[in-house]
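See below:
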């Protein structure tokens, strides 16, 4: 994707479908961590732009990094008095793991459809069989529509069930987690 937030659309839809299972925050975090590699490569004029973290092996490491990051931040949150927007401190390890996994693997999948320098199955294969399978405009629109539908579902749920947050640990506050 030319811009990381396009990846958030499918994440919003997945969270809307399974709010008690999928952390949208972990989904977004794993996506951002993966694209930090591309940002670094672009700024430093390095090629390929989509390198190791844009493989399923690299994405798996970013899933683990996301889980560790959430755990570490949760451990120091009381000491540092970190704010708790979206009740992120109450997410379960399972919600974080599932959100991060879906985020990282969907990131590689979506980018495989459009980036010629991406080798999603490396080191096992240097081929990208998904490249250009879906037209770029259709891919972008699918991400946007998924995001809008996800937000609409979340909004309707919030209005019709204002005390159901979708979080296993805390169902007294509404919001996106």
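Residue numbers (our numbering): 26 to 202. Heads up, the beta-carbon is just placed ideally off N, CA and C, and yes, glycines get one too.
Less than 8 Å between the beta carbons of residue 171 and residue 44, yes or no?
no
Whole angstroms is fine: what's the gap from residue 180's alpha carbon to residue 122's?
24 Å
Residue 210 (DSSP reduced to helix, strand or coil)
The question about residue 210 has no answer here: the residues shown for the chain are numbered 26 through 202.
Cβ of residue 99 within 7 Å of any heavy atom in the ligand NAD?
For the ligand NAD, the structure offers nothing, since it holds no ligand at all.
Expressed to the nearest angstrom, what Euclidean distance is found between the alpha-carbon atoms of residue 128 and residue 72?
24 Å
Considering only residues of the same chain and omitting the five flanking positions on each side of residue 96, which have a CB-CB separation below 6 Å?
none
Buried or exposed, going by whether 16 or more other CB atoms sit within 10 Å of the CB of residue 113?
buried
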